[in-house]
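Down below is the structure, laid out as structure tokens.
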Amino acid sequence: MSDSKEEQPNDFVQWRHAPAKHWLYCPLCRGPLANQSWDGRERRYCTHCGFVYWERALPAVAVLVFEPIRQEILLVTRRYPPYAGGLTFPGGGIEFGESVAEAAVREVQEETGLLVSLDSQFGTWSTPGNHTIITFFRAHPVDGEIKAGSDALEAGFYRWNKVLSLAFSLHDMVLNLFRTEMEMTIAGPQK
Ligand SMILES: [Zn+2]
90 MSDSKEEQPN
100 DFVQWRHAPA
110 KHWLYCPLCR
120 GPLANQSWDG
130 RERRYCTHCG
140 FVYWERALPA
150 VAVLVFEPIR
160 QEILLVTRRY
170 PPYAGGLTFP
180 GGGIEFGESV
190 AEAAVREVQE
200 ETGLLVSLDS
210 QFGTWSTPGN
220 HTIITFFRAH
230 PVDGEIKAGS
240 DALEAGFYRW
250 NKVLSLAFSL
260 HDMVLNLFRT
270 EMEMTIAGPQ
280 K
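Quick note on our numbering: the sequence shown kicks off at 90 and runs consecutively.
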């Protein structure tokens, strides 16, 4: 089996999201998995118990916590690969039993120490290559003090016009959209 450059086995540990083609044994009965085509897609399934691994995109959240007067946005410095040392919006996966909004608030608190109140959704996009779907929220801090969580080396507010690039191309794209939105808000409606 040959791996493509963007899908090295080490990445799976970090993403916790191994593509189905790398699954060898059934997680329920330990039987060997085989391939079968459903609706034109190859699925891994267990010939012993019938388990099917439905390969799905992974939902996640990210949060734009910002201070409009100071023109600053909350970012975390990643502790772990991929892109250790890179800047991103706080965010992460959605736990079972948790709403999308609850996940957003929890992730910000875990990674930055700040309790935020969500203002609105900014948008939902899928990331190229790693099969994640991220819903971005706008939020403002209501309590707490900044303290980097275990996933982060640092957390802090940055002038959004001075941040050159973020660790992920999707986060970069969202930051650019956000900057444009804020410029239009500050400029006011065109006469
Ligand atoms: Zn099985």
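Ideal Cβ positions, reconstructed from N, Cα and C, are used throughout, including at glycine.
Suppose you measure from the CA of residue 214 to the CA of residue 123; what does that come to, to the nearest Å?
Counted from its first residue, the sequence shown places residue 214 at position 125. Counted from its first residue, the sequence shown places residue 123 at position 34. CA-to-CA, the gap between residue 214 and residue 123 works out to about 32 Å.
Let me know the beta strand (DSSP E) ranges lying completely inside the stretch 128-196, each 3 residues or longer, listed in chain order.
Segments of the beta strand (DSSP E) lying fully in the stretch 128-196: 130-135, 147-156, 161-167, 180-182.
CB of residue 169 within 9 Å of CB of residue 240, strictly
Position 80 of the sequence shown, counted from the first residue, corresponds to residue 169. Position 151 of the sequence shown, counted from the first residue, corresponds to residue 240. In contact: residue 169 and residue 240 (Cβ atoms closer than 9 Å).
Measuring alpha carbon to alpha carbon, tell me which of 253, 130, 136 ends up nearest residue 113.
On the sequence shown, position 24 is the one that residue 113 refers to. Nearest C-alpha to residue 113: 136.
Would you call the stretch 199-215 and the stretch 223-231 touching, i.e. three or more CB-CB distances under 8 Å?
The count of Cβ pairs closer than 8 Å, one atom from the stretch 199-215 and one from the stretch 223-231, reaches three, so the stretches are in contact.
DSSP bridge partner residues for residue 214 (one or two, in chain order):
As a position in the sequence shown, residue 214 is number 125, starting the count at 1. According to DSSP, residue 214 shares a beta bridge with 223.
With residue 272 as the anchor, note down where its alpha helix (DSSP H) starts and where it stops.
Looking up residue 272 in the sequence shown gives position 183. Taken as a continuous stretch (DSSP letters only), the alpha helix (DSSP H) holding residue 272 covers 258-276.
C-alpha gap between residue 163 and residue 109, whole angstroms
Residue numbering aside, residue 163 sits at position 74 when the sequence shown is read from its first letter. Residue numbering aside, residue 109 sits at position 20 when the sequence shown is read from its first letter. For residue 163 and residue 109, the distance between alpha carbons rounds to 35 Å.
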